[in-house]
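A.B. asks:
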Amino acid sequence: MRGREDEWTGLMRSAMAGDDAAYHRLLRAVTPVLRAAARRGLARAGQPPDQAEDIVQEILLAVHLKRHTWDSEAPFAPWLFAIARNKLIDALRRRGRRIFVNIDDFAETLPGEAPQETASAGEVAAQLDTLPQRQRDVLQSIAVESASIKDTAAKFSMSEGAVRVALHRGLSALTAKLRDH
Amino acid sequence: MDTDQLIRTLAADNAHRAPRVGAMLTMALLVAAPLSILIFATFLGVRHDLMSAMRNPFFDMKFAVTLSLAIPAIIVSLHLSRPEALLRGWGWLLLLPVGLLAVAIGGEMMMAPAMPMTMRLVGKNSRVCLSAIPAMSLPLLAGALFGLRHGAPSRPALAGALAGLVSAGLAATLYASHCTDDSPLFVATWYTLATALVTAIGALVGSKVLRY
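Line order of the protein sequences matches chains B and H.
Note that this note's numbering has the first sequence beginning at 2, numbered continuously upward.
Note that this note's numbering has the second sequence beginning at 467, numbered continuously upward.
#1: How would you write the range of the alpha helix (DSSP H) that tryptophan 9 (chain B) sits in, first residue to last?
#2: Report the rounded CA-to-CA distance for glutamate 6 (chain B) versus leucine 61 (chain B), giving the unit in angstroms.
#3: Residues in the same chain with beta-carbon distance under 7 Å from valine 653 (chain H), minus the five sequence neighbours each way, listed in chain order, please.
#4: Within 10 Å of its beta-carbon, does glycine 97 (chain B) have 16 or more other beta-carbons around it, so buried, or fewer, so exposed?
#5: At a Cβ cut of 9 Å, what residues of the stretch 469–503 of chain H count as close to chain B, listed as they run along the chain?
#6: So that I know if they touch, is there some Cβ in chain B lying closer than 8 Å to that of arginine 548 (chain H)?
#7: Hey, does methionine 467 (chain H) have any beta-carbon neighbour from chain B nearer than 8 Å?
#8: Quick one: Cα of isoleucine 540 (chain H) to Cα of alanine 629 (chain H), how far?
#9: Locate the alpha helix (DSSP H) running through leucine 624 (chain H), then write down its first and last residues.
#10: Give a yes or no on whether 8 Å exceeds the smallest Cβ distance from arginine 677 (chain H) to chain B.
#11: I'd like to know whether the C-beta of alanine 669 (chain H) is nearer than 8 Å to at least one C-beta of chain B.
#12: When you check each C-beta in the stretch 605–633 of chain H against every C-beta of chain B, which residues fall closer than 7 Å?
#13: Apply the 10 Å Cβ neighbour rule to proline 133 (chain B) and answer buried if 16 or more other Cβ atoms are within range, or exposed otherwise.
#14: Using CA coordinates, which residue listed in H:Ala499, H:Ala477, H:Pro485 and H:Arg483 is at the minimum distance from histidine 25 (chain B)?
#15: So methionine 13 (chain B) and leucine 27 (chain B) are supposed to be a Cβ contact under 8 Å. How far apart are they, rounded?
#16: Could you tell me whether the Cβ of arginine 135 (chain B) comes closer than 8 Å to any Cβ of chain H?
#17: Leucine 129 (chain B) touches chain H at which residues, Cβ-Cβ below 7 Å?
#18: With burial defined as no fewer than 16 other Cβ atoms inside 10 Å of the residue's Cβ, what is the status of phenylalanine 1 (chain B): buried or exposed?
#19: Any Cβ of chain H within less than 8 Å of the Cβ of leucine 179 (chain B)?
#20: Do methionine 602 (chain H) and alanine 637 (chain H) have their C-beta atoms within less than 8 Å of each other?
#21: Which of helix, strand or coil does DSSP assign to glutamine 48 (chain B)?
#22: From valine 569 (chain H) to cysteine 645 (chain H), what does the alpha carbon distance come to, in whole angstroms?
#23: Is serine 149 (chain B) helix, strand or coil when you go by DSSP?
#24: Measure the alpha-carbon distance for tryptophan 9 (chain B) versus threonine 475 (chain H) and round it to whole angstroms.
#25: Going by DSSP, what residue range makes up the alpha helix (DSSP H) through tyrosine 559 (chain H)?
#26: Quick one, are the C-beta atoms of leucine 93 (chain B) and alanine 46 (chain B) less than 8 Å apart?
#27: Below 6 Å CB to CB, which residues in the same chain sit around isoleucine 84 (chain B) once its five sequence neighbours on both sides are set aside?
#28: Does the beta carbon of histidine 65 (chain B) come closer than 8 Å to any beta carbon on chain H?
#29: So, helix, strand or coil for serine 73 (chain B), using DSSP?
#30: Roughly how many whole angstroms lie between the Cα atoms of glycine 613 (chain H) and alanine 625 (chain H)?
#31: Whole angstroms are fine: how far does the CA of valine 632 (chain H) sit from the CA of leucine 561 (chain H)?
#32: Skipping 5 residues on each side, what residues in its chain have a beta carbon closer than 7 Å to that of threonine 655 (chain H)?
#33: Would you mind working out which of H:Arg593, H:Ser518, H:Ala618 and H:Val487 sits nearest proline 549 (chain H), comparing C-alpha positions?
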């Protein structure tokens with residue numbers, strides 16, 4: 002445990018110093034831990050575990066957009082778990098409410114009509130479609146087609162700087178949409 | 467989008483560097499301050515007997531009290547903008563103005579009173595105080611909330627309340643140079659009421675806008 006968490010702290014320090022590969026490794030390393038925590042949380046709240054991946058993605062987005070609040074002198078794990086816990090509580094609360102709303106919706110629909118199934122995975126993907134064209138293009142190019150920033154810039158005849166701006170704005174907008182919807 | 471794709475995208479954005487929360491908060495307060503000062507200059511202004519007032523230790527005490535609220539509130543609000551932070555161990559900083567007021571009230575009790583206690587407590591400006599401090603707080607509160615939005619507080623309502631204390635402390639500092647009621651009893655009553663109002667607004671708005 003201890004060794005693993007020390008390794009995370011080291012990776013995050015490298016990431017903050019500009020090492021993209023270390024950042025990539027760190028996010029991959031923490032994801033299974035976050036996934037297990039999300040599954041546990043859903044199970045405890047009596048909700049289907051198939052929504053765990055949505056919660057994991059929300060946590061990862063929050064970690065990314067709030068990483069400047071991590072103090073590089075402090076260990077990384079307590080910071081990570083605090084964010085994960087907050088997002089998990091938020092997500093469970095929201096899903097609880099949404100299920101309640103669904104029951105209401107259902108009561109008003111005609112009998113015999115099947116209730117709408119809540120989206121299982123892919124909330125990020127769904128919100129992606131609501132982004133402005135340019136942000137969506139850039140995100141899709143990098144995420145789905147695994148193009149580099151350079152290739153993406155060439156493909157859309159944008160400057161690399163403009164791609165970076167669109168990428169960051171897209172991720173911020175995505176997070177805001179997930180939070181508020 | 468599967469999680470591996472998302473991770474790749476986040477890693478591609480690693481070069482983006484956000485400013486620290488303290489820098490954002492400072493900037494937002496500096497942008498908001500002129501609005502509060504404008505309200506002060508338009509409707510209130512510095513009291514006319516400023517020179518003689520400055521020889522009165524209870525006049526100076528007002529600034530010690532309001533700044534001992536604003537500055538610790540800034541420190542605690544920045545601490546709480548980290549997700550893993552707890553109020554424990556930091557909350558006592560917020561008791562500084564309370565302690566200062568208690569000492570000042572004790573000091574005034576020991577002096578021969580110039581006015582009866584009820585007159586000192588009620589003062590002449592209670593209504594102005596109750597409206598001016600919240601009014602001058604509002605731009606600063608908006609600024610503080612904007613700055614703290616950059617953080618990741620685990621308890622948004624608490625962080626919002628801290629933003630309220632920051633803005634009320636700063637607004638009360640301005641107001642203290644206008645108000646001719648210098649008795650610590652007046653400060654303890656009316657400044658506190660005004661501050662409580664702003665803090666409640668901060669907590670309410672914070673619980674909505676400080677979620678991340």
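Glycine included, every Cβ here is placed at the ideal spot set by N, Cα and C.
As the structure is a prediction and not an experimental result, all values here were calculated from the model.
C.D. replies: Taking the definition as stated:
#1: Here residue 9 (chain B) is taken as the residue at index 8 of the first sequence, counted from 1. Per DSSP, tryptophan 9 (chain B) belongs to the alpha helix (DSSP H) from 3–17.
#2: For this step, residue 6 (chain B) is matched to residue 5 along the first sequence. For this step, residue 61 (chain B) is matched to residue 60 along the first sequence. Our two residues, glutamate 6 (chain B) and leucine 61 (chain B), have alpha carbons roughly 17 Å apart in a direct line.
#3: Position 187 of the second sequence holds residue 653 (chain H). In chain order, Lys528, Val531 and Leu567 place their CB closer than 7 Å to the CB of valine 653 (chain H), counting only its own chain and leaving out the 5 sequence neighbours on each side.
#4: Residue numbering aside, residue 97 (chain B) sits at position 96 when the first sequence is read from its first letter. Sixteen is the threshold: since fewer than 16 other Cβ atoms of the shown chains lie within 10 Å of the Cβ of glycine 97 (chain B), the residue is exposed.
#5: For the stretch 469–503 of chain H, which is checked against every Cβ of chain B, the residues closer than 9 Å are Thr469, Asp470, Gln471, Leu472, Ile473, Arg474, Thr475, Leu476, Ala477, Ala478, Asp479, Asn480, Ala481, His482, Arg483, Ala484, Pro485, Arg486 and Val487.
#6: By one-based count along the second sequence, residue 548 (chain H) stands at place 82. It does; some Cβ of chain B falls within 8 Å.
#7: In the second sequence, counting from the first residue as 1, residue 467 (chain H) sits at position 1. Under the Cβ criterion of 8 Å, methionine 467 (chain H) is counted among the residues facing chain B.
#8: In the second sequence, the residue the question calls residue 540 (chain H) occupies position 74. In the second sequence, the residue the question calls residue 629 (chain H) occupies position 163. Straight-line Cα distance between these residues: approximately 8 Å.
#9: On the second sequence, residue 624 (chain H) is found 158 positions in, with the first residue counted as 1. If you look at leucine 624 (chain H), you'll find it in the alpha helix (DSSP H) that goes 622–642.
#10: By 1-based counting over the second sequence, the position of residue 677 (chain H) is 211. Cβ-Cβ to chain B under 8 Å: yes for arginine 677 (chain H).
#11: By one-based count along the second sequence, residue 669 (chain H) stands at place 203. For alanine 669 (chain H), no Cβ of chain B is located within less than 8 Å of the residue's own Cβ.
#12: From the stretch 605–633 of chain H, only Gly617, Ala618 and Ser620 have a Cβ closer than 7 Å to chain B.
#13: Taking the first sequence and counting its residues from 1, the one referred to as residue 133 (chain B) is at position 132. Flag for proline 133 (chain B) reads exposed.
#14: Numbered from 1 along the first sequence, position 24 holds the residue referred to as residue 25 (chain B). Looking at the Cα atoms, H:Ala477 is the closest of the given residues.
#15: The count along the first sequence starts at 1 and reaches residue 13 (chain B) at position 12. The count along the first sequence starts at 1 and reaches residue 27 (chain B) at position 26. Confirmed, Cβ separation roughly 6 Å.
#16: Here residue 135 (chain B) is taken as the residue at index 134 of the first sequence, counted from 1. Cβ-Cβ to chain H under 8 Å: no for arginine 135 (chain B).
#17: Locating residue 129 (chain B) in the first sequence gives position 128, counting from the first residue. The answer, in chain order, is Met467.
#18: Nothing can be reported for residue 1 (chain B): it is not among the residues displayed for chain B, which extend from 2 to 182.
#19: Residue mapping note: residue 179 (chain B) aligns to position 178 of the first sequence, counting from 1. Judged by the 8 Å Cβ criterion, leucine 179 (chain B) is not in contact with chain H.
#20: In the second sequence, residue 602 (chain H) corresponds to position 136, counting from 1. In the second sequence, residue 637 (chain H) corresponds to position 171, counting from 1. For methionine 602 (chain H) and alanine 637 (chain H), yes; Cβs fall inside 8 Å.
#21: Residue 48 (chain B) sits at position 47 when you count from the first residue of the first sequence. Correct three-state label for glutamine 48 (chain B): coil.
#22: Start at 1 with the first residue of the second sequence, and residue 569 (chain H) comes out as number 103. Start at 1 with the first residue of the second sequence, and residue 645 (chain H) comes out as number 179. Rounded to the nearest angstrom, the gap between the Cα atoms of valine 569 (chain H) and cysteine 645 (chain H) is 21 Å.
#23: Residue 149 (chain B) sits at position 148 when you count from the first residue of the first sequence. Of the three classes helix, strand and coil, the one that applies to serine 149 (chain B) here is coil, per DSSP.
#24: For the purposes of this step, residue 9 (chain B) is taken as residue 8 along the first sequence, with counting starting at 1. For the purposes of this step, residue 475 (chain H) is taken as residue 9 along the second sequence, with counting starting at 1. Between tryptophan 9 (chain B) and threonine 475 (chain H), the alpha-carbon positions lie close to 19 Å from each other.
#25: In the second sequence, counting from the first residue as 1, residue 559 (chain H) sits at position 93. Residue identity check: residue 559 (chain H) is leucine in the sequence provided, not tyrosine. Taken as a continuous stretch (DSSP letters only), leucine 559 (chain H) belongs to no alpha helix (DSSP H), as it is neither H nor E.
#26: As a first step, residue 93 (chain B) is located in the first sequence; it is residue number 92 there, counting from the start. As a first step, residue 46 (chain B) is located in the first sequence; it is residue number 45 there, counting from the start. The answer is yes: Cβ separation under 8 Å.
#27: Position 83 of the first sequence holds residue 84 (chain B). These residues qualify, in order along the chain: Ala63 and Val64.
#28: Sequence index remark: in the first sequence, residue 65 (chain B) carries index 64 (1-based). It does; some Cβ of chain H falls within 8 Å.
#29: Position 72 of the first sequence, counting from 1, holds the residue named residue 73 (chain B). In this structure, serine 73 (chain B) counts as coil in the three-state DSSP scheme.
#30: Taking the first residue of the second sequence as position 1, residue 613 (chain H) is located at position 147. Taking the first residue of the second sequence as position 1, residue 625 (chain H) is located at position 159. Cα-Cα distance, rounded: 11 Å.
#31: Looking up residue 561 (chain H) in the second sequence gives position 95. Looking up residue 632 (chain H) in the second sequence gives position 166. For leucine 561 (chain H) and valine 632 (chain H), the distance between alpha carbons rounds to 14 Å.
#32: Here residue 655 (chain H) corresponds to residue number 189 of the second sequence, with the count starting at 1. Excluding positions up to five away in sequence, the list reads Leu587.
#33: What you label residue 549 (chain H) is simply residue 83 of the second sequence in a count that begins at 1. Measuring from the Cα of proline 549 (chain H), the nearest candidate turns out to be H:Ala618.
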